[in-house]
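Q: If you scroll down you'll find the structure; I have some questions about it.
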Amino acid sequence: MGPYDHSWPSADLNMSSIGAFFDLDRTLIDVNSGLLWAWHERQLGNISRLMMARAAFWSALYHLSLVDIETAFGTATRHYRGELEADLADRTRHWFHREIAHCLRPGAARAMAAHRAQGHPLVLLTNSTSFEASVAAETWHFDDYLANRFPLDDEQRLVGSFERPLCYGPGKVELAERWAQERDVDLDRSFFYTDSHSDLPMLERVGQP
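Counting in our numbering, the sequence shown runs from 1372 upward without gaps.
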C-alpha cells in the first residue's frame, strides 16, 4: 500500500486530540530532497565530489535502514561547522522554493486537506534538517514540524554537531511522543504517512498507520 491508500477520517467531536504526521521525502513529495540539496551544494562548490558521492550512497541505503545515520549526519554536520545559521537558512529557503515546493504530491495535498477539515494538527515529521522542514511547514501550512536540529555558538554559527535523538527511526517516536504529550494529542488515535522502512517504529506507534 502507498502512504495514502486508506480512507479519510470521518467526523468526530473529539478529533482535536488526533494528530496527522507526515514524512517528507517520497511521501509528501515525489523526490529525494536530501540528494537534491547535496547536488545543489555541489553545483555551488560548497561540497566536494567525494561528499556528493557519499550523499548518493547514504541516500540509497537510508530508506532500507541500512545506513549508520549518526555517522552520516556527523560527517555532514562537521562540514558546516562555522557557517552562520542565517546564511544556511537563507540558502535553504531559496533552494526549496526553486526546486522542492512544486513537488508536493496530489495525494498528499488531499490527505492534508482532509485532516485539516477535521481539525487535526498537521505535523511534518522528517529526518531532514530543521532548515528545510521549517520552510516546508510554512509553505504547505503545517501546524508544526519535528526535524533534526543543530547547536549554535554565541555568534549563531553551527558548531558542527546535531541534537539527539536524531529524528530517524526510534528517534522519531521519541520526538513525536514528547510533542504529543505537551499538546494532549493521542498517538494511539493519530495518523502517520510514510513510505520508508526506517519509519516502521513510528508506524507501529500510531493507531492509524
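Ideal placement from N, C-alpha and C gives every residue a C-beta, glycine not left out.
A quick note: this is a predicted structure, and the numbers were derived from the prediction, not measured.
Taking Ala-1427 as the reference, which of Arg-1481, Gly-1416, Val-1494, Ser-1404 has the closest Cα?
A: Here residue 1427 refers to the residue found at position 56 of the sequence shown. Selected option, being the one with the closest Cα: Ser-1404.
Q: Using DSSP's beta-bridge definition, name the partner residues of Thr-1500.
A: As a working note, residue 1500 is residue 129 in the sequence shown. DSSP lists Asn-1519 as partners of Thr-1500.
Q: In three-state DSSP terms, what is Arg-1535?
A: Mapped onto the sequence shown, residue 1535 falls at position 164. Arg-1535: coil per DSSP, three-state reduction.
Q: Work out the CA separation of Leu-1574 and Trp-1429 for me, nearest whole Å.
A: Along the sequence shown, read from residue 1 onward, the residue named residue 1429 stands at position 58. Along the sequence shown, read from residue 1 onward, the residue named residue 1574 stands at position 203. Cα to Cα, the separation comes out at about 22 Å.
Q: Are the Cβ atoms of Tyr-1494 and Trp-1410 separated by less than 8 Å?
A: Reading the sequence shown from its first residue, position 123 is the one you call residue 1494. Reading the sequence shown from its first residue, position 39 is the one you call residue 1410. Going by the sequence as given, residue 1494 is Val instead of Tyr. No, the pair does not count as a contact, with Cβ atoms beyond the cut-off.
Q: Compute the distance between the beta-carbons of Thr-1442 and Thr-1565, then report whether it is under 8 Å.
A: The residue given as residue 1442 occupies position 71 in the sequence shown. The residue given as residue 1565 occupies position 194 in the sequence shown. Cβ atoms of Thr-1442 and Thr-1565: not closer than 8 Å.
Q: DSSP beta-bridge partners for Val-1494?
A: Locating residue 1494 in the sequence shown gives position 123, where the first residue counts as 1. Bridge partners of Val-1494: Phe-1392, Asp-1515.
Q: Closer than 7 Å by C-beta to Asp-1584: which residues in its own chain qualify, once you throw out the five before and the five after it? Chain order, please.
A: Here the chain comprises residues numbered 1372 to 1580, so residue 1584 is not present and cannot be evaluated.
Q: Report the rounded CA-to-CA distance for Ser-1505 versus Arg-1464, giving the unit in angstroms.
A: For this step, residue 1505 is matched to residue 134 along the sequence shown. For this step, residue 1464 is matched to residue 93 along the sequence shown. Approximately 9 Å, taken between the alpha carbons.
Q: Does the beta carbon of Gly-1405 fall short of 7 Å from some heavy atom of the ligand GDP?
A: This structure simply doesn't include the ligand GDP, nor any ligand for that matter.
Q: Can you give the Cα-Cα distance for Leu-1406 and Glu-1470, rounded to whole angstroms?
A: Taking the sequence shown and counting its residues from 1, one reaches residue 1406 at position 35. Taking the sequence shown and counting its residues from 1, one reaches residue 1470 at position 99. The straight-line gap from Cα to Cα measures roughly 12 Å.
Q: Hey, could you find the ends of the beta strand (DSSP E) Tyr-1564 is sitting in?
A: As a working mapping, residue 1564 is identified with position 193 in the sequence shown. 1562 to 1564 is the span of the beta strand (DSSP E), which, as asked, contains Tyr-1564.
Q: Quick one: what does DSSP say Leu-1571 is sitting in, helix, strand or coil?
A: Walking along the sequence shown from the start, residue 1571 turns up at place 200. Three-state result, Leu-1571: helix.
Q: Looking at C-alpha atoms only, which residue of Asp-1439, Glu-1548, Ser-1388, Leu-1395 is the closest neighbour of Asn-1498?
A: Residue numbering aside, residue 1498 sits at position 127 when the sequence shown is read from its first letter. The option with the nearest alpha carbon to Asn-1498 is Leu-1395.
Q: Whole angstroms is fine: what's the gap from Phe-1392's alpha carbon to Tyr-1451's?
A: One-based indexing of the sequence shown puts residue 1392 at position 21. One-based indexing of the sequence shown puts residue 1451 at position 80. Their Cα atoms are separated by approximately 29 Å.
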